[in-house]
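Trainee: Going left to right, the sequence shown walks through residues 20 to 169 as the numbering used here numbers them.
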Amino acid sequence: MKTVKLQAATPYLAAFVIFYKDGKIACVLRENTGWNDGNYCLPSGKVEENESAMAAAIREAKEEAGIDLKSANLKPALVVHRNSPDSDWIDVLFEAVDWEGEPYNAEPHIHKELAWLDVHNLPENMVPAVRFYTEQFLAGNHYAELGWEE
């Protein structure tokens, strides 16, 4: 019997949290990060080794927005397979469905502010992928692809 060796993709994994209320989403204005500085982004980050996507979302919500969440507070919202020039990503977005307190800029050393942005009038300086994710979220989609040739 011949053994076939499969070449599996090895994308990076990132987790995002959508705090959504009254037609607005909470976004941080990136600064001093080296990636998309000057642009708004959802609270997010890379999933660390031996960490689930949901655990990463909970960690990022605390680190970036100062909000303590539990898995029961999060609902899977969108998965995006994104092809960027240097690597492939699987971005997992969770909607925070219940939380206590008001999200704030909990990392002022790497974010200029946390702002509630109108989802129907997003500023020009949005991380392009996050603009796409917001459109997909509002359309009720649960899976999307970005950056792949058709």
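All residues carry an ideal CB built from backbone N, CA and C; glycine is no exception.
The model shown is predicted, which means the values in this text are computed figures rather than measured ones.
Can you tell me which of the three DSSP states residue 102 falls into?
Mentor: Here residue 102 sits in strand by DSSP.
Trainee: Does residue 36 pass the burial test, meaning 16 or more other C-beta atoms within 10 Å, or should it be called exposed?
Mentor: Its Cβ being crowded by 16 or more others within 10 Å, residue 36 is buried.
Trainee: Near residue 149, which residues of its chain fall below 6 Å by C-beta distance, leaving aside the five closest residues on each side in sequence?
Mentor: Excluding positions up to five away in sequence, the list reads 60 and 61.
Trainee: What distance in whole Å lies between the Cβ atoms of residue 156 and residue 96, which are believed to be in contact at a cut-off of 8 Å?
Mentor: With a Cβ gap of about 6 Å, residue 96 and residue 156 count as contacting.
Trainee: Closest by CA to residue 106, which one among 79, 20, 144 and 33?
Mentor: For residue 106, the nearest C-alpha among the options comes from 33.
Trainee: Which residues bound the alpha helix (DSSP H) around residue 162?
Mentor: Taken as a continuous stretch (DSSP letters only), residue 162 belongs to no alpha helix (DSSP H), being part of the beta strand (DSSP E) at 162-165.
Trainee: Starting from the C-beta of residue 132, find all residues in its chain whose C-beta is less than 6 Å away, skip the five residues before and the five after it, and write them out in chain order.
Mentor: Counting only Cβ-Cβ distances below 6 Å, and skipping sequence neighbours, we find 48 and 124.
Trainee: May I have the straight-line CA-CA distance separating residue 108 from residue 98, to the nearest angstrom?
Mentor: Roughly 10 Å between the two C-alpha positions.
Trainee: Report, in whole angstroms, the separation of the C-beta atoms of residue 115 and residue 136, which I expect to be a contact under 8 Å.
Mentor: Incorrect: roughly 15 Å between the Cβ atoms, too far for contact.
Trainee: Could you check which residue in 93, 110 and 158 has the C-alpha nearest to that of residue 164?
Mentor: Nearest option by C-alpha distance: 110.
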